[in-house]
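Taking it in order: structure first as structure tokens, then the write-up.
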Amino acid sequence: MSTMLRVVMIFVLAAAPAIGSECPCKNRSAVSLVLLQYGDPTSDRPFAQTLAGFLEGSKAMRVRATPIHINPALRATNSLPGTTAFMNQHLDAIASMDPPPSGVILPLPNYPAIASKLSVLVSKGIPVISFGSGWSVVKNMANPPSLFHMGADEVATGKSAGGLAARIGGHRAMCLYDQSDDVALTDRCSGFARGFNTSCASTVDACPTQSLLIDSSDLTAMQIMLQDAIAANANLNVVVVSTGAIAAAVVRLIGNMALPYKIYVGCFISDQYTDALLASESLFFAVSRQEYLMGYLAATLLQYYVTTGQKFANPTISTGPVFLTPGYTTPKTASIDNVLVEQVVHGRAIDPFWGVYATGASEAARDVGLRFVNCDVAGSVCDGTRRTLTYRSPGNQFDLTTMATKLLTSASNAPNAMILSDPSTQVLGSTINQVVKTNGIPAVGVNAGGNDAESLGLLMFFGSNEPIAGQAAGKQLGIAGVTKALCVNHELGNSALTQRCQGLGTGLAAYRGVSDPTTVYTMLPISLTDVSGTATAITAALQNDPSINGVLVLGSAAVSSVLLPLQQAGWVTGHPSTDRVKAIGSFDLDGPLQAAIQAGYVLFTVLQQQHMQAYMPGIAMTLRSSTGLNLLESWILTGPSLMTNSSIAAVNCQGEPACPSSMEYNVAASESSCPRPEWAGDGWCDAINNVPGCYDGGDCCSSTCVSKTDYFQCGSDLYGQGMNRFNCLDRSTVEGEAIYCNAHLSDPTCVNTATKYMPAGVAAMFIALACTAIACQVILLGWIASQRKTRTLFYASPPMLAASLAGGILAGVFALLTSVTQTASICTARAYLAPIAVTLALSPNTLKLFRFYKIFRNKTMKVVKIPNAQLLLGVAALLVADIVVVSVWVGASPFTMNLRTPNTCLSPLDTRFVIALVVLKAPLFLSAMYFSNSLSRTTSKSFDVFKVDVGAITTFLWVAVISFAMIIVVIVVVGTSANGTVLALQTAAAVIIAAGPTFLTVQRGIIVLQDARDASKTKVTVKNFSGLGTISGTQRPASTSIGKPAGASDEDATSGEHKSLAAAIADLKGQLDRATLDFETKMNVMVRAQEKLDAIRDEYMRLVVEQEYQEAHGK
């Protein structure tokens, strides 16, 4: 045990409890903690681990947590003005919060720059715990701004690193750091220089260390600087750096330089870079501060202070440094289900003092997820069952022999850790050695035995410094006028009580100026079970030594036995100025002692905060067992703290014990089969309770969870870290059954599983059909590309055919996705594919009908021209509209899996957006139907050959509209037992739409083949008709069924040529008008004129199309 710890005299004033039902304990759910970090947890592992520990600790403690992190863009090069500005800005915001936070956790990289803002928080009564940077600031301040600081002594860390560098043969070193105003970095380098110089055995020089400030944002410049330094200093063979990224850059540089000697590189943090460098033995050390433990315990200790008023007396708590060297192995850990922590102390829980201690132990077990078992209670099962924290004691008597047996019994259960007290190393030392060193069980000491803890192999000690506590009591008695005191010891042989008496003598003698402490006190042993014997002994002691005018009782349980005979003898009446006994002091606290203090019979009591003595070891040793992380502080001071009548009022119920769980969580412990029954049914899904027979009282299923308060909201993500999400494992609920059966499709216990998924055979059929449709359309696209210059295919507008085929391919992909097991990503893809596929498959054909309509329903001879480019722009506009609507949909209401019905997706706003898509598609469908109906009444002979095309397109459009309606209605499958049927309907509709473009293109291919077979051409002559002249051209035989007959095409009619034809037509009309005057005599002439007129118009349109084809192909 270090001398420094033995002489630390820190008194936590105003830490007195108020025992009784009237104590208004604070509800933990009202506690809110803020974590302020100046690093980015998304890229810096130490910051990420601190955040994870803070959030997990807050979750376990059931307190609100708000993490705040710096924007990396605010950080300035080589210094922290950006960081300082950030911290000051947020300290202002925190100070103005309404209601204010219960506590703040933050680093102190540049304390002077934020001191004024931080003092505002402190003045408002907001407690602060500092961590990380700032150890030396807190350690060297008389009144630090924080309750204590957590992390590592950076100067000591640097010294250790310097010593390590010297031992491996270092001669000259360089310490690179990248932030001049971060006290942690400068402390490391200064400590390294001291440790390196002190330990160096070089005969060349004094092993100097150069500290160099670099710009971490420009690693190339840093490498050049270091390269120059190495060239200028032949003995430079050690480089230590502040971050893993810098270490990696230095290692690369040294490797590229190919030096004839080795340069050792070390790093003062542990992150993803150092992991790789240690694995390759490129680093000789990295340093961890166990950041997860730091964040977890900071949250734990701060909430503990807020709810109980108790804190450690240490100004600093070490979580580091832990030096990692090549080949290091991570500590052995156990899951929480396999953790057993055995506890053996020398007092039974029915004792007032140890009852408070046992309460602390049970609350620690509750908060870390263990069961608490008091093995002293008859019928308790203490057989080594895991996930347990036990409590054992010798029984009613202070029996150290029995306690030794209990220690061995606990060790025989092979616990992960032990918590034990050592009231007498002389009696228990060998047993403790056997437990700790021989059996290799990690253990910590509590309450008694602090001076011997280190020599016995205990990891640390939680308790008061008893000599200092005795000195404080002696001084207080001296101030009250006591010249000699009676020290009443109720546990003779307990070294802690012996040290209190010795401390009493030291403190009282020092106050009175007496050189021999043994002359100012007398120790009187008593037995708590012998009340009359105690009274007799007290009376006799004062009668035998008239100089005794003060009493110090070493435990609250003995106060009544001591006070009563003093009052009966008239030596204590409540008037110290006239009473023989000027003052009575005590240790610890219970109800009778508190009443005696408030009545003025007892002057003070010295507390060691036994609730904290039990609570913190329970937390620490469970964390060590489950995470491998361990506090490195050798002595955690839980006292002494002095309480008087005035401080009782000041504390106002913030002492021990802590609030009972029923008040903290405001829920009934009704689930006896739950590992942590007090958490069942509170609205928060606790993994520890999510087991058969409990299922956390329904908290883990959305259908059974009930929100208890505004704080515990079912399924809420309280910290934005993925916490408290539903995880329904209860198969008695609809969603639990669905989740299980979704993961166990072949389980025969799943009821009607087949109805929730598409039958395998049906799914296989649809997959085959979809793949066939996709393959055919890909082949047809290739055919269109190769035959696009063929006259008949050219007339059919290849770009429009290709667009329709693309829609068919996407519909096939939709069918494939619908046939497989659904996920949120697949549902999102289907939401995009459905409208886009329908638009591509239908709109080109609808627009082709529109062009037919404009040409053949044109009642004038005006030229109509609608090129493919305009039609494709229309298709593109419809596609853009689809993409915009669906993007807004999935952005505003993302798809998630519907837990109530397996293999289905859920989007809260699906109905609104489905309606929007229907409204968007309605004009397209209605227009297609109108054009089709109008064209069906066309009687022009030149349109007769088009009827095949128009009929096929019309049939496809009607089928596609019906199919699209099926998809739209069930595009987001709602919870239904017929889920498999619904998916099958969607898939069938998609396959139909996918097959439509194939059908239309194959039809066009047949026509092209027929056209190639009947390719003979004939001369068509229109005889002179009333002096009009002759019109000549080429025309296919009338017997040939071609897609584009003479006189019409999908390409627009073009004007401006053959003016003589137009004039001839006008003259012909005139002749026909004249012929009607004599209908009976010229009927035959008129009929023949009408026939010739049709032939002339057909020949005119054919020539126009032929000219367009020749121009398109440069002929």
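Sequence positions in the sequence shown follow mature numbering (1 follows the signal peptide of the UniProt record, and there is no 0) and run -20 to -1, 1 to 1095.
Where is the CB? At the ideal position from N, CA and C, for every residue including glycine.
Keep in mind the model is a prediction, meaning the values are calculated, not measured.
The shortest C-alpha to C-alpha distance from Leu906 to any of Gln850, Leu827, Ala856 is the one to Leu827. Measuring C-alpha to C-alpha distances from Pro332 to each of Phe911, Phe567, Ile204, Ala73 identifies Phe567 as the nearest. In this structure the stretch 93 to 102 does not touch the stretch 259 to 268; the number of beta carbon pairs closer than 8 Å is below three. In the three-state reduction of the DSSP assignment, Leu761 falls in the helix class. For Ser160, no alpha helix (DSSP H) run applies, since DSSP gives it neither H nor E. The C-alpha of Ala338 is placed about 32 Å away from the C-alpha of Pro124. Rounded to the nearest whole angstrom, the C-alpha separation of Leu257 and Leu304 is 11 Å. If you check the CB distance, Gln590 and Pro620 do not come in under 8 Å. Our two residues, Ser444 and Phe352, have alpha carbons roughly 25 Å apart in a direct line. For Glu322, the beta-bridge partners assigned by DSSP are Met398. Within the stretch 407 to 469, the runs of alpha helix (DSSP H) at least 4 residues long that lie entirely inside it are, in chain order, 446 to 459. Between the C-alpha atoms of Ser76 and Gln17 there is a straight-line separation of about 19 Å. Here Gly114 carries a coil assignment [DSSP, helix/strand/coil].
Taking the Cβ atoms as the reference, Thr516 lies roughly 11 Å from Ser541, outside the contact range of under 8 Å. Asn524 is not bridged by DSSP to any residue.
Its chain contains Ala266, Val267, Ser268, Leu304 as the residues whose beta carbon lies nearer than 7 Å to that of Ser250, once the 5 sequence neighbours on both sides are disregarded; these appear in chain order.
Cβ-Cβ separation between Leu156 and Ile226: approximately 6 Å, consistent with a contact (criterion under 8 Å). Contact annotation: Pro295 and Ala132 have beta-carbon atoms that are not nearer than 8 Å.
Shown here, Trp551 sits in coil according to DSSP, grouped into three states, outside any helix or strand. The Cβ atoms of Ala164 and Gly112 sit closer than 8 Å to each other. Inclusion of Leu439 and Ala423 in the CB contact set at 8 Å is warranted, their separation being smaller than that value. About 6 Å separates the beta carbon of Leu400 from that of Leu387, a gap short enough to meet the 8 Å contact definition. Contact between Val324 and Arg372 holds: CB atoms are separated by about 5 Å, below the 8 Å threshold. By the neighbour-count definition (other C-beta atoms within 10 Å, threshold 16), Asp662 is a buried residue. Between Arg8 and Thr287, the C-beta spacing is below 8 Å.
Taking Ile577 as the centre and dropping the five residues before and after it, the same chain places the C-beta of Leu583, Phe584, Thr585, Met623, Thr624, Asn625, Ile628 closer than 8 Å to its C-beta, in chain order. Within the same chain, and ignoring the five residues on either side of Tyr491 in sequence, the residues whose Cβ sits closer than 6 Å to its Cβ are Lys455, Gly458.
Closest by C-alpha distance to Ser867, out of Leu852, Gln523, Leu897, Phe66, is Leu897. Residue burial annotation: Leu853 is exposed, with fewer than 16 other C-beta atoms found within 10 angstroms of its C-beta. Beta-bridge partners of Asn354 (DSSP): Tyr371.
When DSSP states are grouped into helix, strand and coil, Arg44 belongs to the strand group. Across the structure, Asp727 and Cys807 are spaced so that their CA atoms are roughly 25 Å apart. Rounded to whole angstroms, the gap between the alpha carbons of His555 and Gly530 is 13 Å.
Taking C-alpha positions only, Ala902 is separated from Leu820 by approximately 15 Å. Here Cys708 is near Cys680, since their CB atoms are less than 8 Å apart. Between Gly83 and Pro107, the gap from beta carbon to beta carbon is short of 8 Å.
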